[in-house]
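Taken in sequence, the protein lines are chains A and B.
Here UniProt numbering is used: the first residue of the first sequence is 1, the next is one more, and so on.
Here UniProt numbering is used: the first residue of the second sequence is 1, the next is one more, and so on.
C-beta: ideal position from N, C-alpha, C; glycine also.
Protein chains: 2
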Amino acid sequence: MYKLTDSVPYLLNRAGVRIAEVFSQRIAENDLSVAMYRVLAMLRERKESTLGDLADVVSVEISTLSRLVGTLAKRKLVSRTRPEDNGRIVIVRLTPQGEALTEKLMPFAMELEATAVQGMSKEEVTALKSALKRMHSNLPAMSGKGKTSDQ
Amino acid sequence: MYKLTDSVPYLLNRAGVRIAEVFSQRIAENDLSVAMYRVLAMLRERKESTLGDLADVVSVEISTLSRLVGTLAKRKLVSRTRPEDNGRIVIVRLTPQGEALTEKLMPFAMELEATAVQGMSKEEVTALKSALKRMHSNLPAMSGKGKTSDQ
DNA sequence: GTTAAACTATTGCAAATGCAACTATTGTCA
DNA sequence: TGACAATAGTTGCATTTGCAATAGTTTAAC
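1. Taking DSSP as the reference, what is the three-state secondary structure of L40 (chain B)?
2. Can you list, in chain order, the residues of its chain with a C-beta nearer than 6 Å to that of T5 (chain B)? Leave out the 5 residues immediately preceding and following it.
3. Anything in chain A within Cβ reach of P96 (chain B), meaning under 8 Å, just list it in chain order.
4. Curious, which full-length alpha helix (DSSP H) runs of at least 4 residues does the UniProt domain "HTH marR-type" (5-137) of chain A contain?
5. Whose C-beta lies closer than 6 Å to the C-beta of R38 (chain B) among residues of the same chain, with five residues either side of it excluded?
6. Could you say which of A:D53, A:M1 and A:V22 lies nearest to P9 (chain B) if we only look at CA atoms?
7. If we define contact as Cβ-Cβ less than 8 Å, is residue 153 (chain B) a contact residue for chain A?
8. If you measure between the beta carbons of A73 (chain A) and L139 (chain B), is that distance less than 8 Å?
9. Let me check understanding here. Comparing Cα to Cα, which of B:M42, B:V34, B:R75 and B:V125 lies closest to V17 (chain B)?
10. Taking Cβ positions, are L94 (chain B) and L40 (chain B) nearer each other than 8 Å?
11. Could you give the distance in angstroms between the alpha-carbon of M135 (chain A) and the alpha-carbon of V78 (chain A)?
12. Report the option in B:R88, B:L11 and B:R26 whose CA atom is closest to the CA atom of L132 (chain A).
13. M1 (chain B) to M36 (chain A), Cα distance in whole Å?
14. Quick check: the Cα distance between G98 (chain A) and S66 (chain B), rounded to an integer number of angstroms?
15. Taking the alpha carbon of L112 (chain B) as the reference point, which residue from B:I19, B:R14 and B:S7 has its own alpha carbon closest?
16. Under 7 Å Cβ-Cβ, which residues of chain B neighbour T115 (chain A)?
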């Protein structure tokens with residue numbers, strides 16, 4: 001018997017929204033959104049990335065990301081470069097300031113995760129992560145298409 | 001060692017966004033958003049609800065929900081009533097059309113969930129759900145406060 | 001019983017989002 | 001090589017969103 005409130009998509013969204021709300025609060029004093037933090041943290045992990053790759057990783061529309069990276073660049077947290085050997089891609093990198101800010105915020109992220117999984121065993125957390133990865137790979141990528149239109 | 005791409009919040013968001021994208025596509029032909037579907041499915045489950053309760057359950061801002069329910073009402077999928085014994089709350093109910101549409105869409109939701117958890121055992125799915133519930137209850141509710149401001 | 005406080009929903013407004021159109025560059029194939 | 005297709009990113013525009021302010025109603029306090 002189907003129950004919305006016991007369905008995976010619903011529970012997933014509910015947990016995701018709440019965790020994002022909390023983190024959003026934590027980093028608001030630095031005028032960062034969660035997506036912005038993810039861009040920074042991603043770049044710290046990979047050193048550099050194109051816009052398109054970043055969009056995939058951060059799960060955000062490329063047009064949105066373009067503007068978002070624009071504001072990060074304006075704040076000197078990242079740099080944007082078009083390589084000479086390839087004029088259509090844009091390479092995004094962390095600036096020293098960006099790196100410093102990211103490292104300052106990482107403890108909050110870790111702390112938040114710890115709070116979220118409180119009461120779960122290491123094995124349970126591992127299982128959770130692998131379930132989340134599996135669901136992601138079980139579903140098609142929907143590039144471009146697909147009205148999100150609320151209302 | 002912290003890695004964004006192996007953190008729970010990140011994996012949660014990634015899976016949630018993707019599953020929502022897919023479902024969004026599925027129901028786009030009925031001009032419904034995921035949030036709208038959740039409102040309908042929720043009302044089917046509970047028969048009636050106030051706006052505030054709905055907002056909690058569906059994890060959206062009450063102002064957003066107010067407008068969303070407004071458009072659902074315009075389409076005769078739900079009804080809005082202010083009870084005589086309490087003039088400040090609004091009771092939202094499914095209309096027969098709303099109920100019919102919801103029941104038409106439920107199979108899609110079930111199918112989607114099945115696709116998402118493909119390859120996982122019943123026990124794994126149960127563990128996943130309980131982990132998602134636990135994380136939700138582990139985190140504070142953030143009523144009202146908290147800039148979400150991207151950009 | 002009257003005034004103040006709390007609660008519930010709606011609306012204004014500015015910011016953010018996504019799709020589509022566009023620009024610019026690179027790759028293909030004849 | 002030259003034209004056409006494909007790729008990558010940006011921008012325009014309409015829609016959506018969230019916060020703050022507001023309006024209306026009920027509860028509490030005195």
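According to the data block:
1. Counting from one through the second sequence, the residue named residue 40 (chain B) turns up at place 40. In the displayed model, L40 (chain B) falls within a helix according to three-state DSSP.
2. Taking the first residue of the second sequence as 1, we reach residue 5 (chain B) at position 5. The beta carbon of T5 (chain B) sits closer than 6 Å to none of the beta carbons in its chain outside the five residues before and after it.
3. Position 96 of the second sequence holds residue 96 (chain B). Result: empty, since nearest Cβ-Cβ is about 19 Å, beyond 8 Å.
4. 8-28, 34-46, 51-58, 62-74 and 96-116
5. Here residue 38 (chain B) is taken as the residue at index 38 of the second sequence, counted from 1. V58.
6. Within the second sequence, the letter at position 9 stands for residue 9 (chain B). Among A:D53, A:M1 and A:V22, the Cα nearest to that of P9 (chain B) belongs to A:V22.
7. As displayed, chain B neither begins before 1 nor continues past 151, which places residue 153 (chain B) out of reach and without an answer.
8. Position 73 of the first sequence holds residue 73 (chain A). Position 139 of the second sequence holds residue 139 (chain B). Result no, Cβ atoms of A73 (chain A) and L139 (chain B) do not sit closer than 8 Å.
9. Walking along the second sequence from the start, residue 17 (chain B) turns up at place 17. Comparing Cα-Cα distances from V17 (chain B) to each of B:M42, B:V34, B:R75 and B:V125, the minimum goes to B:V34.
10. For the purposes of this step, residue 94 (chain B) is identified with residue 94 of the second sequence, where counting begins at 1. For the purposes of this step, residue 40 (chain B) is identified with residue 40 of the second sequence, where counting begins at 1. Closer than 8 Å, so yes.
11. Indexing the first sequence from 1 puts residue 135 (chain A) at position 135. Indexing the first sequence from 1 puts residue 78 (chain A) at position 78. If you take the alpha carbons of M135 (chain A) and V78 (chain A), they lie about 32 Å apart.
12. Counted from its first residue, the first sequence places residue 132 (chain A) at position 132. Ranking the options by Cα distance to L132 (chain A), first place goes to B:L11.
13. Position 1 of the second sequence, counted from the start, is the residue given in the question as residue 1 (chain B). Position 36 of the first sequence, counted from the start, is the residue given in the question as residue 36 (chain A). If you take the alpha carbons of M1 (chain B) and M36 (chain A), they lie about 21 Å apart.
14. Residue numbering aside, residue 98 (chain A) sits at position 98 when the first sequence is read from its first letter. Residue numbering aside, residue 66 (chain B) sits at position 66 when the second sequence is read from its first letter. Spanning the two alpha carbons is a distance of roughly 39 Å.
15. Numbered from its first residue, the second sequence carries residue 112 (chain B) at position 112. Among B:I19, B:R14 and B:S7, the Cα nearest to that of L112 (chain B) belongs to B:I19.
16. Here residue 115 (chain A) is taken as the residue at index 115 of the first sequence, counted from 1. The CB of T115 (chain A) comes closer than 7 Å to the CB of N138 and L139 in chain B, given here in chain order.
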